[in-house]
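Here the sequence shown stands for residues -23 to -1, 1 to 692, numbered as in mature numbering (1 follows the signal peptide of the UniProt record, and there is no 0).
Ideal Cβ placement from N, Cα and C applies to all residues, glycine included.
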Amino acid sequence: MQRGLWIVLLILLLLQGCSTLPATQPATSGNSRSLAGTWAFLPSGSVAMPAADARWQRIQVPANWYTQGYDHHGIAWYRLQFNAVADPAMVSRLHFGGVDYFADVWLNGQKLGAHEGYFQRFAFDVTPHLKTGQNTLLVRVNSPLEKPQDFSLHKRLIKGIFAHHDTRPGGAWSERGQERNTGGIWGEVRLQQSPQVQLVPQQVLVQPTQGLTHWRVNVDLDVLGALPADAQLQWTLGQWQGTSPVRDTLTIPIAHPKLWQPKGYGEQHLYTLSVSAVQNGTVLDSFQRTIGFRKVERSAQGIWKINHQRILLKGTNYIAHQWLSAMTPQDFRRDIALMQAAHINTVRVHAHVTAPDFYRLCDEMGLMVWQDFPLQWGYQDTPEFHQQAVSQVGDMIRQFGQYPSIIHWTLHNEPPWDADWMKWKYQDYHPQQNKLLDAKLYKAAKTLDNTRPISAISSTKEHPWLGWYSGHWLDYAKPTKQSTIAEFGAQALPDRFALAKILGEEPELPSSKADWKPWEYHNFQRKETLEIAKVASGKTLEQFITNTQQYQVQLTQLAAESYRRQAYQPVGALFQFMLVEDWPSMNWGVVDFWRKPKPGYYALQHAYQPILPSLAWTKVEYAANEPVRVGVWALNDSLTRIPHAHYRLTLWQGKQKRDTQDWQFELTPDMHRQLRDYLVPVNAAGAYRLEAEILDAQGKVVSRNEYRFTIQSQQ
């Protein structure tokens, strides 16, 4: 068929459309056509193809089926009829942006193949099976529950927090912890057609070769179709361009590019890499990737540098939503803005891989990403599972390795071999479980990516959880031996209005075990709140809400400040747990599901201020005549220098000023230094407030902090 005639026919068919696709569906964009819209849906649970008289329902794609009103697990069938143009001279591929969890795909009765995993994109060559006119696409999706004997120590699905976690509907340890399944075609589906050949990028890796001035961009790609003998690759990258023979590896040397920097340390310079297969000036196929140039280093002591600049990673853990299709780019942008308004410079995507739009926006907005692979606690130690996990960790690195915002990979969160608390929970616990698995994953990841630090695990020793699962919240004032604090925090209830939406009724303070059941289903941890944290329930629900929120405030601020004072000695990274609640629940988020901040958000925002007069203390109540000694610190995580800064301390008892001290010092970039000790010069019983301020040379307050304590009266 002549190319001009083919284009005319394609346009006519696309304008005509198909009754199963909505009129508002986007048409072809270049040679790529979205198949988003209304599909037929059959949540049958049967492996066999649906019968001719099956009663199909309707569902939107892309979407997790739960968001479309289907509370279903197991097998469901999807069907779409769409018009297309088939041409033997064209290479046609069907692309899936994400299917949770098993997918089997047929086109016009011919099976194309199968896929396992929830976060990966995958594609099938449909050139031999595509027809001109109407085509029928059939997808069998299976998102099963873990078998009772496997859940929760010997899981077989690589879904991380989407299958087993404290923030899932039902929580981690109840029989209901697998409810509200995340299955479905949640990523975009599209048909891509190109003349003669298609370029399929597998991995784009940016490597420094000489300091920060010389770099190498490695592009691994597959070339599909009948490649003309005289075709060649043409590439452009900013002001650089070149050509090469068509092969499966393209190496591009780049000198003196502008660097990608985290927000606050410079600009987020990004470049569009465009690679095309060209024959006699005609582009047969092309692809684009957005990349950045930045160098990441982590020392043996756990201290981080980005582009040779030492940086303390101040972070949070993040699960955007239990059902990824519900997150729009605008939603991700809002969450990143919330993080950056709280002075968070790094986000840990906790035990899962999220939607690609998030990483794109982190690149653009300068937020660093600590990326976890979706392994959470215990999994099967079989050759089949090990092989699947190694395959999927490769998928993660190849698919997401292009994003400069991702500075780190972690491959397993709290594996059994590092979590000896499991021996009290499971009769069949084995202290070496998953250790070989994690070694295999680490080896595979290091082979694929030598540009980022990689951790085989996020260890339980990096998750102190003081004042929640053990110890007391004041224990955060003690020194740590860990360079990475990957989790710390406490739960807090949202406001009464949010509780009513969560529970579906006007909330009341529970008074019996039965009353607590709906709360526990929505992730509230009663034992930890009342027995370990010893949060007072009060006499009313409003009092209980306030008490949980204030507990989260005091623990968050103390922990964050204490770890910041230990910057580089030994702390290199700290991550509060967690930013938002990922479904209508009552858990560790400092922001509720509807993105209303709790008081704990503002405590984190305060403690993470780039410049902070920090006060080191170990208690909030003192006996009569007991000395009150406070360490006076100046913390500066920014590049700001204030040569003639002032530090001012003011001691208040009620509205009465009891003492004032003021001295000059030099505030330097990346400074974490104790300036002196302050011995409170009074010992009268009462409540006190010590106010600390850093002022610039003109007397303007740059940052303020305070410490409240009481001195008890003599008995």
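Buried versus exposed, by CB contacts within 10 Å (16 or more), P(-2) | Taking the first residue of the sequence shown as 1, we reach residue -2 at position 22. In this prediction, P(-2) scores a pLDDT of 33, lower than 50, which makes its location untrustworthy; the coordinate-derived value is nonetheless stated afterwards. P(-2) should be labelled exposed.
Residue from R271, A416, A318 whose Cα sits closest to the Cα of H385 | Position 408 of the sequence shown, counted from the start, is the residue given in the question as residue 385. When each option's Cα is compared against that of H385, the closest is R271.
What separation, rounded to the nearest whole angstrom, lies between the Cα atoms of V252 and G75?
-> Here the question's residue 252 lines up with position 275 in the sequence shown. Here the question's residue 75 lines up with position 98 in the sequence shown. C-alpha separation (whole angstroms): 24 Å.
At least three beta-carbon pairs within less than 8 Å, the segment 83 to 97 to the segment 47 to 65 | no
Would you kindly check if the distance between the Cβ of G292 and the Cβ of T249 is under 8 Å?
-> Along the sequence shown, read from residue 1 onward, the residue named residue 249 stands at position 272. Along the sequence shown, read from residue 1 onward, the residue named residue 292 stands at position 315. The answer is no: Cβ separation not under 8 Å.
For D639, count neighbouring C-beta atoms within 10 Å of its own C-beta (all shown protein chains included) and say buried if the count is 16 or more, exposed if not.
-> Residue mapping note: residue 639 aligns to position 662 of the sequence shown, counting from 1. Result: exposed.
contact_flag[the segment 474 to 483, the segment 446 to 459] where n(CB pairs < 8 Å) is 3 or more = no
Along the alpha helix (DSSP H) that carries N524, what are the first and last residues, could you check?
-> Residue numbering aside, residue 524 sits at position 547 when the sequence shown is read from its first letter. Note, N524: alpha helix (DSSP H), 518 to 542.
Give a yes or no on contact between the segment 379 to 393 and the segment 416 to 431, applying the rule of three or more CB pairs nearer than 8 Å.
-> yes
G202 - partner residues in DSSP beta bridges = Stepping through the sequence shown from its first residue, residue 202 is reached at position 225. DSSP output for G202 lists V174 as bridge partner(s).
Just how far apart, CA to CA, sit T259 and G241?
-> To locate residue 259, count along the sequence shown from 1; it is residue 282. To locate residue 241, count along the sequence shown from 1; it is residue 264. Distance between the alpha carbons of T259 and G241: 44 Å.
What is the rounded straight-line gap between the Cα of P3 and the Cα of N119?
-> Position 26 of the sequence shown, counted from the first residue, corresponds to residue 3. Position 142 of the sequence shown, counted from the first residue, corresponds to residue 119. In this prediction, P3 scores a pLDDT of 30, lower than 50, which makes its location untrustworthy; the coordinate-derived value is nonetheless stated afterwards. P3 and N119: Cα-Cα distance of roughly 28 Å.
Within the chosen definition, does the segment 614 to 631 reach the segment 666 to 684 through at least 3 CB pairs nearer than 8 Å?
-> yes
In the structure shown, what three-state DSSP assignment does Y578 receive?
-> As a working mapping, residue 578 is identified with position 601 in the sequence shown. Here Y578 sits in helix by DSSP.
In the DSSP assignment, find the alpha helix (DSSP H) that holds V370 and state where it starts and stops.
-> Counting from 1 along the sequence shown, the entry for residue 370 is found at position 393. Note, V370: alpha helix (DSSP H), 360 to 377.
If you follow the alpha helix (DSSP H) that M316 is part of, which residue opens it and which one closes it?
-> As a first step, residue 316 is located in the sequence shown; it is residue number 339 there, counting from the start. First-last of the alpha helix (DSSP H) with M316: 306 to 318.
E558 classed as buried or exposed, judged by whether at least 16 other C-beta atoms fall within 10 angstroms = Translated into positions along the sequence shown, residue 558 becomes position 581. With 16 or more Cβ atoms within 10 Å of its Cβ, E558 is classed as buried.
Near N294, which residues of its chain fall below 6 Å by C-beta distance, leaving aside the five closest residues on each side in sequence?
-> To locate residue 294, count along the sequence shown from 1; it is residue 317. Correct list, in chain order: R325, H327, F552, F554, M555.
Integer-rounded CB distance, given that W496 should sit under 8 Å from F465 = Start at 1 with the first residue of the sequence shown, and residue 465 comes out as number 488. Start at 1 with the first residue of the sequence shown, and residue 496 comes out as number 519. The Cβ separation is near 23 Å, so there is no contact.
To which residues of the same chain is E683 closer than 6 Å at the C-beta, ignoring the five residues directly before and after it?
-> For this step, residue 683 is matched to residue 706 along the sequence shown. Answer for E683: R666, E668, listed in chain order.
Give the DSSP-derived three-state secondary structure of G191 in the structure shown.
-> The residue you call residue 191 lines up with position 214 of the sequence shown. Per the sequence shown, the amino acid found at residue 191 is His instead of Gly. Strand, per DSSP.
Starting from P185, follow its DSSP beta bridges and name the residues at the other end.
-> As a working note, residue 185 is residue 208 in the sequence shown. The partner list for P185 (beta bridge, DSSP) reads W192.
Cβ pair R606, D654 closer than 8 Å = As a working mapping, residue 606 is identified with position 629 in the sequence shown. As a working mapping, residue 654 is identified with position 677 in the sequence shown. In contact: R606 and D654 (Cβ atoms closer than 8 Å).
E93 - partner residues in DSSP beta bridges | Your numbering for residue 93 matches position 116 in the sequence shown. In the DSSP output, where bridge partners are listed per residue, E93 has F79.
With distances taken Cα to Cα, identify the nearest neighbour of L198 among F309, H106, L182.
-> Mapped onto the sequence shown, residue 198 falls at position 221. Looking at the Cα atoms, L182 is the closest of the given residues.
Integer-rounded CB distance, given that T525 should sit under 8 Å from Q586 | Here the question's residue 586 lines up with position 609 in the sequence shown. Here the question's residue 525 lines up with position 548 in the sequence shown. Going by Cβ atoms, the distance from Q586 to T525 rounds to 24 Å, so no, they are not a contact pair.
How would you label N257, buried or exposed, when you count the other beta carbons within 10 angstroms and need 16 or more for buried?
-> Counting from one through the sequence shown, the residue named residue 257 turns up at place 280. N257 comes out exposed.
Keeping to the same chain, check which residues put their C-beta closer than 7 Å to that of V678; ignore five residues upstream and five downstream.
-> Against the sequence shown, residue 678 aligns to sequence position 701. Once the five neighbours on either side are set aside, the close Cβ partners of V678 are E670, L672.
Would you decide whether R473 is buried or exposed? Buried here means 16 or more other CB atoms lie within 10 Å of its CB.
-> Here residue 473 refers to the residue found at position 496 when the sequence shown is read from its first residue. Result: exposed.
Closest by CA to E361, which one among R133, R310, S171?
-> Here residue 361 is taken as the residue at index 384 of the sequence shown, counted from 1. Closest option to E361, Cα to Cα, is R133.
Using the C-alpha atoms, what's the distance from G566 back to Y599?
-> Along the sequence shown, one-based indexing puts residue 599 at 622. Along the sequence shown, one-based indexing puts residue 566 at 589. About 32 Å.
For the beta strand (DSSP E) holding R32, just list the boundary residues, first then last.
-> Indexing the sequence shown from 1 puts residue 32 at position 55. Element bounds for R32: n/a, residue is neither H nor E.
Nearest to D426 by CA position, among R375, F642, S615, is which residue?
-> Position 449 of the sequence shown, counted from the start, is the residue given in the question as residue 426. The shortest C-alpha separation from D426 is found at R375.
Mind checking which residues open and close the beta strand (DSSP E) that includes E482?
-> Position 505 of the sequence shown, counted from the start, is the residue given in the question as residue 482. Note, E482: premise wrong, no beta strand (DSSP E); not H, not E.
Starting from K420, follow the alpha helix (DSSP H) in both directions and report where the run begins and ends.
-> In the sequence shown, residue 420 corresponds to position 443, counting from 1. Counting along the chain, the alpha helix (DSSP H) containing K420 begins and ends at 412 to 425.
In chain order, what residues of the same chain have a beta carbon less than 6 Å from the beta carbon of L289, not counting five sequence neighbours either side?
-> For the purposes of this step, residue 289 is identified with residue 312 of the sequence shown, where counting begins at 1. Hits under 6 Å: A544, D614.
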